[in-house]
Amino acid sequence: MNQKTSTALSFLFHPLILPCVVIGILTEIDPVLSLLLPVKMKFMIVGMVFITTILIPLIMIFLTFRLNLIGSFYMRTREERILPLLIIAFSYYLTYALLKRLQLPSIFYMYMLGATATIIILIVLNFFRKISLHMAGVGGFTGLMAGLAFHYTFNTSWLLLAGILLSGLLGTARLKLNAHHPSDLYIGWLAGAVLMFFTGFLL
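To convert, take the position in the sequence shown, counting from 1, and add 3; that gives the working numbering.
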């Protein structure tokens, strides 16, 4: 894997993008739910999640950079990550609250609650290690699909396999870019996978 491929993978599967993608998958993963939810409702849900988990955090993080509260927009050091991670945790919790108010099936808002808890754990771990946010995100997706496999009758095996494959590719890409030590990748993946597994399992 070369540098360009590694950079492309890191961008395409950025941890800020994943919640919006996962919510989109959740609107289609259950055949019954997919039929019950009107197309307009699906677009509204995904659009709202895009605004609250991608657009708002990006704007707020950019403002913190412009105000010199962080030294780099790319958060290359542990110290630069704390404030952006707090912003992301707030945005994820806001998304959880909004989805719950819409009285959607619990799978939607509980996923966002699990994602919020994952970010809070990463904030704590960040004081000690530069944990990989990318791996926490893809680990969370993999763990969620594994948890849902125990709880629901519909088949999530292909999504689980996709998560495992993507985890390997993304981990390789982050190592290629010298973004993390291998242990930071493993810890990040496990943190996301374990928390989101129990989120899916306990739904």
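For every residue, glycine included, the Cβ atom is placed at its ideal position computed from N, Cα and C. In this text, all values refer to a predicted model and were calculated from it rather than measured experimentally.
At what residues does the alpha helix (DSSP H) containing D187 begin and finish? The residue given as residue 187 occupies position 184 in the sequence shown. For D187, the uninterrupted alpha helix (DSSP H) run begins and ends at 185 to 204, by DSSP.
Starting from I90, trace the alpha helix (DSSP H) both ways and give me its first and last residue. Here residue 90 refers to the residue found at position 87 when the sequence shown is read from its first residue. Residues 81 to 104.
So, with DSSP's three-state summary, where would you put M4? On the sequence shown, position 1 is the one that residue 4 refers to. Looking at M4 - three-state DSSP - the assignment turns out to be coil, as it is neither helix nor strand.
Which of helix, strand or coil DSSP assigns to P22: As a first step, residue 22 is located in the sequence shown; it is residue number 19 there, counting from the start. The three-state reading of DSSP puts P22 in helix, counting H, G and I together.
Just to confirm my understanding: we take I91, look at its own chain, exclude 5 residues before and 5 after, and list those with CB closer than 6 Å. What are they? Position 88 of the sequence shown holds residue 91. So the list reads P60, I122, once near-sequence residues are dropped.
Validate contact between the region 106 to 116 and the region 170 to 187 using beta carbons, cut 8 Å, 3 pairs: The region 106 to 116 is not in contact with the region 170 to 187.
Helix or strand or just coil, what does DSSP make of K179? Locating residue 179 in the sequence shown gives position 176, counting from the first residue. Shown here, K179 sits in a helix according to DSSP, grouped into three states.
DSSP state of T159 mapped onto helix, strand, coil: Within the sequence shown, residue 159 is the residue found at index 156, counting from 1. When secondary structure is reduced to three states using DSSP, T159 falls in the coil class, being assigned neither helix nor strand.
Do S94 and T56 count as a contact pair if the criterion is CB distance below 8 Å? By one-based count along the sequence shown, residue 56 stands at place 53. By one-based count along the sequence shown, residue 94 stands at place 91. A contact, by the Cβ cut-off of 8 Å.
So what does DSSP say about L116, is it helix, strand or coil? Reading the sequence shown from its first residue, position 113 is the one you call residue 116. Helix.
Classify S37: buried if its beta carbon has 16 or more other beta carbons within 10 angstroms, exposed otherwise. As a first step, residue 37 must be located in the sequence shown, where it is residue number 34. Around the Cβ of S37, a 10 Å sphere holds fewer than 16 other Cβ atoms; the residue is exposed.
DSSP three-state assignment for P108, whether helix, strand or coil: Position 105 of the sequence shown holds residue 108. Coil, per DSSP.
The alpha helix (DSSP H) that contains I62, what's its start and end? Sequence index remark: in the sequence shown, residue 62 carries index 59 (1-based). Element bounds for I62: 59 to 69.
Output the distance between the C-alpha atoms of V52 and A196, rounded to the nearest integer angstrom. As a working note, residue 52 is residue 49 in the sequence shown. As a working note, residue 196 is residue 193 in the sequence shown. Going by the C-alpha atoms only, they are around 21 Å apart.
H137 - containing alpha helix (DSSP H), residue span: Residue mapping note: residue 137 aligns to position 134 of the sequence shown, counting from 1. H137 -> alpha helix (DSSP H) spans 136 to 154.
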